[in-house]
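All residue numbers for the sequence shown refer to this note's numbering, where the first residue is 292 and numbers rise by one.
Reviewing the structure listed below.
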Amino acid sequence: MNDQCASRLRKELMNKGDMPIDDIRGEARKMGFTKTELKETRKILGVRLHTTYQGYFWCLEV
Numbered sequence: 292m293n294d295q296c297a298s299r300l301r302k303e304l305m306n307k308g309d310m311p312i313d314d315i316r317g318e319a320r321k322m323g324f325t326k327t328e329l330k331e332t333r334k335i336l337g338v339r340l341h342t343t344y345q346g347y348f349w350c351l352e353v
């Protein structure tokens, strides 16, 4: 796991709450993280996927 990726993802989700997947992936791509790194980090942090009429979102388990 990429510690920097985990740190950034945790920080973003704690500060902003639920975030659209496309926004998270776009930011991760800009920072140089791969889709695989992001997926591994999501599993380790216990990030939950949920859907609404607005799309797919990630959030931290509380």
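No residue lacks a Cβ here, since even glycine has one placed at the ideal position from N, Cα and C.
Note that the structure is predicted; figures quoted are calculated from it, not measured.
May I have the straight-line CA-CA distance separating GLY317 from LYS307, to the nearest angstrom? 15 angstroms
Could you tell me the alpha carbon to alpha carbon distance between GLU352 and GLU331, rounded to whole angstroms? 16 angstroms
Could you check how far apart the C-beta atoms of PRO311 and TYR347 are, in whole angstroms? I think they sit under 8 angstroms. 7 angstroms
To the nearest angstrom, how far is it from the Cα of ALA319 to the Cα of LEU329? 7 angstroms
By DSSP, does MET322 sit in helix, in strand, or in coil? coil
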